[in-house]
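Remarks on the structure that follows.
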Amino acid sequence: ARKHALSDLEDCHYAIESTDSQGDCKSWSVDPNAKKVLVQIPSDIVALKRVDLKAAQRWRLATREVFEEYFKAGYAALAFLKLNGRLYYVLAKAQLPENVFSE
51 ARKHALSDLE
61 DCHYAIESTD
71 SQGDCKSWSV
81 DPNAKKVLVQ
91 IPSDIVALKR
101 VDLKAAQRWR
111 LATREVFEEY
121 FKAGYAALAF
131 LKLNGRLYYV
141 LAKAQLPENV
151 FSE
């Protein structure tokens, strides 16, 4: 797996952020002009559900909304990484060939 340097992530839009790796999602937003997007997810959703079901539900709703908006805008998930104890999906505009779905 490729190691990501912090400089690779400098111009990323943080779509979802939390107060800590297992906390409630603090905020979320969509930037349709972002080159790269980081979508944080809880490090252990099962443990979060046991401790705070409402927080786990807020995470689920926020990630669903963010992924739907970015996928509709032509982004794709390119990587999954752990950074400073937090887990992120890395999204970027997809450059798919026109015939990717043809037989």
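Sequential numbering of the sequence shown, starting at 51, is according to the working numbering. Heads up, the beta-carbon is just placed ideally off N, CA and C, and yes, glycines get one too.
I need the boundaries of the alpha helix (DSSP H) containing residue i, first residue and last residue.
i: Val-101; result: 95-101
Between which two residues does the beta strand (DSSP E) harbouring residue i extend?
i: Glu-67; result: 62-68
i: Lys-85; result: Taken as a continuous stretch (DSSP letters only), Lys-85 belongs to no beta strand (DSSP E), as it is neither H nor E.
i: Ala-142; result: 136-143
Using DSSP with H/G/I as helix, E/B as strand and the rest coil, what is residue i?
i: Ala-129; result: strand
i: Arg-52; result: With a pLDDT of 47 at Arg-52, under the threshold of 50, the modelled position of that residue is not reliable, and the figure given next carries that caveat. Note: Arg-52 maps to coil in three-state DSSP.
With a 10 Å radius around its C-beta and 16 neighbouring C-beta atoms as the bar for buried, classify residue i as buried or exposed.
i: Gln-90; result: buried
i: Pro-92; result: buried
Roughly how far, in whole angstroms, is the beta-carbon of residue i from the beta-carbon of residue j, given that I think they are within contact range, below 8 angstroms?
i: Ala-97; j: Ile-66; result: Not quite, the Cβ-Cβ distance comes to about 18 angstroms (not below 8 angstroms), so this is no contact.
i: Tyr-64; j: Leu-88; result: 5 angstroms
i: Lys-86; j: Ala-142; result: 5 angstroms
Does the count of Cβ pairs from the region 122-131 and the region 101-112 closer than 8 angstroms reach three?
no
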